[in-house]
Structure formats: C-alpha cells, structure tokens
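Worksheet for the structure shown next.
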Amino acid sequence: MPPSVSRRAFLAGSAAPAILRSQARRRPNILFAIMDDWGFGHAGAYGCGWVKTPAFDRIAARGVTFNNTFTSNPKCAPCRASILTGRNTWQLKEAVNHYSIFPRDFAVFPDLLEQAGYFVGLTGKGWGPGDFKSPGWPRNPAGPLFNRVTATPPAQSISNNDYAGNFAGFLSQKPKDQPFCFWMGGMEPHRPYEEGIGLRLGKRLEDVALPKYYPDHRIIRSDLLDYAVEVEHFDSHVLRALGHLEKLGELDNTLVLMTSDHGMPFPRVKGQIYDAGFRLPLAAMWGRELKGGVRVDDFINARDFAPTILEAAGVEPAGTMTGRSFLDALRAGRSGWIDPARNVMLTGKERHDL
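Take the sequence shown: its letter number 86 is residue 86 in the working numbering, and every next letter is one higher.
Right under this line is the structure:
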C-alpha cells in the first residue's frame with residue numbers, strides 16, 4: 001500500500017499545502033508521461049513521418065501542442081529535478097549535476113499533491129540517475145513505485161516494464177473518488193539500442209529526415225530508425241494508458257502531459273547547449289477544459305511543469321518554486337503568442353558526463 005498522507009509530510013518545516021478556495025469543481029487527475037531522451041519534433045503532430053506517435057498525436061489533436069518547450073539543463077537528473085521542484089537547475093544545489101544527490105531543501109509537486117489528498121504513484125524512471133536515499137528521501141521524489149507488471153519487449157534493449165499495465169494496477173488500488181497523480185516514466189529511447197531493429201521491423205532508411213549536422217550515411221540512418229522504435233514503444237504504452245482512463249470514465253477529468261527530459265542520445269544533441277539538446281516535445285489534453293488542435297509558441301521551461309500541475313489541482317505552489325504556471329496558455333484556446341513575457345529562455349549545464 002502507498003504511504004499515508006501523514007507519513008508523507010516529511011519536508012522539513014513544511015505544512016500541508018493549501019487548497020485554493022476557488023477550486024469548487026471536482027479536482028482533476030494528473031497523468032505525467034515522460035520519455036527518456038526523446039527529441040523535439042519526433043512526433044506526427046510535429047510533422048514527422050518516420051516516427052509514429054499515435055498517443056502524442058491524439059493528445060495534441062484534443063488539446064494543446066507546444067512549439068517552444070525547453071529544459072535549462074539537457075541531461076536526465078537535472079531536468080527531472082527541475083520538473084519536480086519547479087526551479088532552474090542552477091538553483092538546486094547538488095541536483096544541478098547529472099549524477100549526484102537530491103537535496104531535501106526543496107518541495108516536489110508529488111508530495112504537495114499527496115498532502116492535499118491525491119493518490120500518487122510512479123512507474124519506470126522518476127528522478128535519476130543519482131542518490132536520493134542518503135539525503136533522507138524515503139522514496140523516489142517522483143512518487144512510490146508501481147513496477148510489478150512486466151511484459152516481453154519488442155527489442156532486447158527495451159525495458160520489460162509494462163508501463164501501462166502498472167498504471168492499470170495503480171488505478172485498481174486508488175481509493176474511490178480520490179484524485180490521482182501518476183508519473184509514467186519511460187526508459188526509452190535511452191541507449192543502448194538493439195542494432196538494426198528498425199530495419200528488421202520494416203522501417204526504411206530513406207524515410208529518415210536526417211539532421212543537417214550529420215553526414216548522410218546508412219549507419220546513422222539505421223541508428224535513428226532504432227531510436228524511432230523505442231519512441232514508438234513508449235508512445236504505445238501512453239495510448240494504452242489513455243484507454244484505461246477512457247474505460248473508467250476518467251479521461252475527461254485527467255490533465256495529461258506528455259514530454260521528454262532533453263534531446264535524443266546522439267552526438268551534438270544530448271547534454272549539449274544546442275537547440276536540439278534542450279528543446280522538448282510537449283502536448284497536453286484535459287477534456288473540455290482545453291480546446292483541441294491548438295499550437296502555442298510561448299517559451300515554456302521544465303521548471304514551469306510543477307506550478308502548472310499544482311494550479312490545475314487547486315494546490316498552492318511551494319514558496320521555493322520559481323517557475324510560472326502556463327495554465328493560462330493551455331486554456332487560451334488560440335494558437336500563436338499568448339504571453340509576451342514568455343519570449344526569453346535561459347539554459348546551461350554543470351558537470352558533464354557520458
């Protein structure tokens with residue numbers, strides 16, 4: 001059984017978060033789906049033809065697609081720390097680094113939601129890689145693990161975690177009428193790949209839209225097809241997760257966010273201060289709360305996820321959070337520029353590793 005609310009109020013000096021009085025309607029569920037190393041543009045909703053993403057495309061068609069979402073640090077652990085805490089990575093002490101500790105100085109949105117009455121869970125990759133135990137976190141900062149369900153993956157390099165199956169298990173344990181927040185963290189398309197799996201599954205070298213900074217070579221095209229297989233694998237689990245919610249009648253009352261932590265794991269991209277390294281795919285849907293098919297150009301940062309999720313849930317953001325909610329951009333219902341203040345983005349990185 002997941003920890004109780006009383007056990008989870010462990011943040012030093014923190015009180016249970018205040019629920020906004022204006023939140024009179026039923027509180028929404030939150031499904032946060034995040035891939036590991038999925039690059040911007042590699043989805044049908046962005047016009048990509050060689051990576052098939054029916055789940056992301058469905059979210060985009062029924063909600064909002066963002067064209068300018070960024071992480072302030074293009075590596076896994078620092079970006080995920082930024083998402084959880086609502087702070088720039090250079091404001092996170094040791095958590096600015098790729099493999100370090102996660103200080104307990106900062107509130108994280110899953111804890112705040114749980115203290116406000118949400119049922120919280122995680123499958124796959126939450127915060128990491130790094131050490132959250134020695135600073136005193138009793139569990140991964142992204143939530144308690146639901147990893148029991150496994151399945152045979154389509155490639156040797158793909159995780160056997162049945163992400164959608166674990167989400168279904170989580171939902172089966174959720175108390176009736178209690179809202180939930182679930183972090184679905186794919187291990188894909190992180191390397192290593194099963195070499196040539198894309199071609200063996202019927203993909204074609206000529207379909208790849210090769211970045212201009214790479215030489216046009218068969219090995220590179222094939223490697224990108226292997227990457228595409230892994231993106232498609234996790235996307236299929238998100239599609240199943242949406243189906244679970246639909247069967248339960250909860251889809252329209254769920255804010256679904258689908259994104260990544262940084263660019264694809266290729267030279268000049270992951271970990272590098274180029275656009276492809278720190279630019280993220282992002283789409284969101286929320287039943288009738290959002291108009292479908294909207295595209296937003298506002299600059300969104302990874303630190304903005306936490307305050308957005310908390311505002312949607314009617315929970316006050318922690319005083320340590322420096323990000324800004326983009327719920328206004330989600331609800332605006334029109335494409336193009338919405339907030340003139342969102343036209344600048346800062347990025348950087350600290351200690352680098354392989």
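We put the beta carbon where it would ideally sit given N, CA and C, even for glycine.
- One alpha carbon belongs to V51, the other to E188, and they sit about 14 Å apart.
- When secondary structure is reduced to three states using DSSP, T322 falls in the coil class, being assigned neither helix nor strand.
- N88 carries a coil assignment under DSSP once its states are collapsed to helix, strand and coil.
- Sixteen is the threshold: when 16 or more other Cβ atoms of the shown chains lie within 10 Å of the Cβ of P179, as they do, the residue is buried.
- Straight-line spacing of the CA atoms in G143 and Y118 works out to 11 Å.
- Put simply, of A276, N147, G63 the residue whose alpha carbon is nearest the alpha carbon of G292 is G63.
- By DSSP's assignment, S260 forms a beta bridge with M35.
- In the pairwise beta carbon analysis, the region 315-332 is classified as touching the region 105-112: at least three pairs are separated by under 8 Å.
- Annotation for W286: L255 place their beta carbon closer than 6 Å to its own, counting only its chain and skipping 5 residues before and after.
- Apart from sequence neighbours up to five positions away, the residues of its chain that approach P153 with a beta-carbon distance below 8 Å are S159, N160, H233, ordered along the chain.
- In the displayed model, F40 falls within coil according to three-state DSSP, outside both helix and strand.
- With contacts defined as CB atoms closer than 8 Å, D298 and I273 fail to qualify as a contacting pair.
- K75 is a Cβ neighbour of H98, given a cutoff of 8 Å.
- In the assembly as shown, Y227 is a buried residue. Its beta-carbon has 16 or more other beta-carbons within 10 Å.
- Only residues of its own chain outside the window of five on either side were considered, and among them T322 have a CB closer than 7 Å to the CB of Q91, listed in chain order.
- The beta-bridge partner set that DSSP reports for A283 consists of T65, M258.
- Every alpha helix (DSSP H) stretch that sits fully inside the region 290-351 and reaches 4 residues is listed by chain position as 305-313, 327-331.
- By a beta-carbon distance limit of 8 Å, P135 contacts I101. Their separation comes to about 5 Å.
- When beta bridges are read from the DSSP output, G186 appears opposite no residue.
- Contact between L282 and F66 holds: CB atoms are separated by about 4 Å, below the 8 Å threshold.
- Distances from the CA of P267 to each of T259, P211, G121 were compared; the closest alpha carbon is that of P211.
- Scanning T259, P265, S260, E246 for the CA closest to the CA of L224 turns up P265.
- Here C48 is actually not in contact with A284; their C-beta atoms are around 19 Å apart, not less than 8 Å.
- For the options T347, F70, E350, F305, the alpha carbon positioned closest to that of D328 is the one of F305.
- N29 sits in a strand when the DSSP states are folded into three classes.
- Assignment of I197 by DSSP, reduced to helix, strand and coil, places it in the helix class.
- Take D216, set aside five residues on each side of it, and the residues of its chain with a beta-carbon closer than 7 Å to its own are L210, in chain order.
- The DSSP-derived three-state label of G165 is helix.
- Taking all protein chains in view, the Cβ of D177 is surrounded by fewer than 16 other Cβ atoms within 10 Å, so the residue is classified as exposed.
- Per DSSP, the unbroken beta strand (DSSP E) holding V120 starts and ends at 119-124.
- Between A81 and A95 the beta-carbon gap is near 4 Å, inside 8 Å, which marks them as a contact.
- Taking A151 as the centre and dropping the five residues before and after it, the same chain places the C-beta of N160, D162, G165 closer than 7 Å to its C-beta, in chain order.
- In the DSSP assignment, L145 forms a beta bridge with L122.
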